[in-house]
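Quick notes on the structure that follows.
Numbering (our numbering), first residue to last: 122 to 286.
Structure (structure tokens):
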């Protein structure tokens, strides 16, 4: 338990039949020291994701985080989640419904309290076995040095098709 949050096991990272998550190379663009620190925070969160260390991600977030992944409700991890417990639910829904085959952040842009990451990922729906390769944009807003809002944009149509929607 971390701060009263359930310990999450990202089992798809621990199973031998699943290859290690590939974290791609990326470029960084920033204009100030705070921008650089905010980018570093996101890079550390992504590294924790690659290790399956969901608690490290949750510990980085503000208590009142708003976490939004845009797309239809037929995909279990789409929607709005609030607070660390809500974000824990997002990662649980992902773990239960898909495997992450590739997660490749490629470009980081920062301006004050906003960090944008552009990248590519491939998830595979466990129920259908179908893969959904897609580009993504993550928009993080920071307050007091912690992410307080995330909006994720991706090809939700491709993902929904992989889920049979």
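Every residue gets a Cβ at the ideal spot worked out from N, C-alpha and C, and that includes glycine.
Since the structure is predicted, the reported quantities are computational estimates derived from the model, not experimental observations.
Can you tell me which of the three DSSP states residue i falls into?
i: residue 187; result: strand
i: residue 192; result: coil
i: residue 224; result: strand
i: residue 198; result: coil
i: residue 232; result: strand
i: residue 240; result: strand
i: residue 179; result: helix
i: residue 157; result: helix
i: residue 254; result: strand
Based on Cα-Cα distance, which residue from the options lies nearest to residue i?
i: residue 166; options: 255, 280, 236; result: 236
i: residue 276; options: 225, 242, 224; result: 242
i: residue 261; options: 229, 281, 278, 216; result: 229
i: residue 182; options: 208, 254, 273, 221; result: 208
i: residue 246; options: 196, 278, 172, 171; result: 196
i: residue 211; options: 227, 221, 188, 174; result: 188
i: residue 269; options: 280, 284, 164, 234; result: 234
i: residue 265; options: 279, 186, 251, 238; result: 186
i: residue 255; options: 224, 193, 161; result: 224
i: residue 206; options: 219, 222, 175, 217; result: 175
i: residue 163; options: 238, 220, 172; result: 238
i: residue 216; options: 173, 191, 180; result: 173
i: residue 252; options: 199, 179, 280, 159; result: 280
i: residue 213; options: 226, 222, 199; result: 199
i: residue 267; options: 170, 180, 226; result: 180
i: residue 274; options: 177, 171, 192, 168; result: 192
i: residue 248; options: 284, 263, 158; result: 284
i: residue 222; options: 271, 171, 178; result: 171
Quick check on the DSSP output: the alpha helix (DSSP H) that includes residue i runs from which residue to which?
i: residue 210; result: 204-218
i: residue 277; result: 277-283
i: residue 248; result: Here residue 248 belongs to no alpha helix (DSSP H), and DSSP marks it neither H nor E.
In or out: residue i buried (at least 16 other Cβ within 10 Å) or exposed?
i: residue 122; result: Interpretation of residue 122 is limited by its pLDDT of 37, a score under 50 that renders its predicted location unreliable; no figure is taken from the coordinates.
i: residue 203; result: exposed
i: residue 64; result: There is simply no residue 64 to check, as the chain begins at 122 and stops at 286 in what is shown.
i: residue 201; result: exposed
i: residue 231; result: buried
i: residue 258; result: exposed
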